[in-house]
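To start, the structure under review is shown below, and the notes come after it.
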Amino acid sequence: MLTSRRKPSAFQFRGDPLATQKELSDFLASVERRAFKQCVFSVQDDESALDIVQDSMMKLAEKYSARPPAELPLLFQRILQNGIRDHFRRQKVRSTWTTALSALGLGGEDDDADPLETLEVEELANIPASPAERMEQSQVMAAIEEAVKALPDRQREAFMLRYWEELDVSETAKVMGCSEGSVKTHCSRATHALAKALKEKGITL
Numbered sequence: 003m004l005t006s007r008r009k010p011s012a013f014q015f016r017g018d019p020l021a022t023q024k025e026l027s028d029f030l031a032s033v034e035r036r037a038f039k040q041c042v043f044s045v046q047d048d049e050s051a052l053d054i055v056q057d058s059m060m061k062l063a064e065k066y067s068a069r070p071p072a073e074l075p076l077l078f079q080r081i082l083q084n085g086i087r088d089h090f091r092r093q094k095v096r097s098t099w100t101t102a103l104s105a106l107g108l109g110g111e112d113d114d115a116d117p118l119e120t121l122e123v124e125e126l127a128n129i130p131a132s133p134a135e136r137m138e139q140s141q142v143m144a145a146i147e148e149a150v151k152a153l154p155d156r157q158r159e160a161f162m163l164r165y166w167e168e169l170d171v172s173e174t175a176k177v178m179g180c181s182e183g184s185v186k187t188h189c190s191r192a193t194h195a196l197a198k199a200l201k202e203k204g205i206t207l
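Here it is, written out as structure tokens:
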């Protein structure tokens, strides 16, 4: 069985399930290694694959333990595939972040244009292939996330809604209770501030 980095209590079972604790535990033990291999083939990264499998196992145990044993394989596969899709969605979003910041330059901080409206990012195009490239992107993302925390509240809110939640300008304006023009201004100023913060740290995208 794969070595888990989570606390043993994460896999405790609650309630009065139709599948017994032993049946659920045996199922997870039998499927874990195959699921790990399946994820590695999909995401091409051992650590990410392990996280997806462990998260999927916990979700099955927490949400679907009170189901007949015969339903567990299909339920687990659905959870696992959703985990893989979420992984690639996060990679796509992170790729969009780094592409957006690299395309900005540092001038025109008062420009009202929303950078995301003019960007054309191919899905998964910038996901690094090698471990070294993935490590480099991980370090860049850590720097971006640190800089995001330092943004003014409204800029951070607009940036996260547009770049992370992938809402369009109209949807973001409704959530924030402001005009679409204000959303564009907040996003423009946020992305320029982030680009400047990265440059000061010696990071070029």
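Once you know that position 160 of the sequence shown is 162 in the numbering used here, the rest is easy, because the numbers rise by one and skip nothing. The C-beta atom is built at its ideal place from N, Cα and C for all residues, glycine as well.
Pick from the options that is closest to residue i, judged by C-alpha positions
i, options, result
"Asp53", "Glu34, Ala149 and Ala68", "Glu34"
"Lys39", "Val55, Glu168 and Ala149", "Val55"
"Ala149", "Ala199, Glu182 and Phe29", "Ala199"
"Ser190", "Gln157, Met60, Leu169 and Trp166", "Gln157"
"Arg36", "Met59, Phe161, Gln23 and Glu159", "Met59"
"Cys180", "Glu159, Tyr66, Glu202 and Glu168", "Glu159"
"Pro69", "Asp47, Leu82 and Gln23", "What sits at residue 69 in the sequence shown is Arg, not Pro. Considering only alpha carbons, the answer is Gln23."
"Gly204", "Ile146, Glu167, Arg92 and Ala192", "Ile146"
"Arg91", "Asp57, Ser27, Met162 and Glu167", "Glu167"
"Phe29", "Ser172, Val171 and Leu77", "Leu77"
"Ala63", "Glu49, Ser50, Leu82 and Asp47", "Leu82"
"Thr187", "Leu169, Lys201 and Phe161", "Phe161"
"Ala51", "Arg87, Lys65 and Ser27", "Arg87"
Whole-angstrom C-beta distance between residue j and residue i, which should lie under 8 Å
i, j, result
"Val42", "His89", "Wrong, their Cβ atoms sit about 12 Å apart, outside the cutoff."
"Thr174", "Val185", "5 Å"
Buried or exposed (CB count within 10 angstroms, at least 16 for buried), residue i
i, result
"Gly85", "buried"
"Ala144", "exposed"
"Ser172", "exposed"
Proximity of residue i and residue j at Cβ, strictly below 8 Å
i, j, result
"Leu153", "Ala197", "no"
"Pro75", "Glu25", "no"
"Ser67", "Ala31", "no"
"Leu163", "Val177", "yes"
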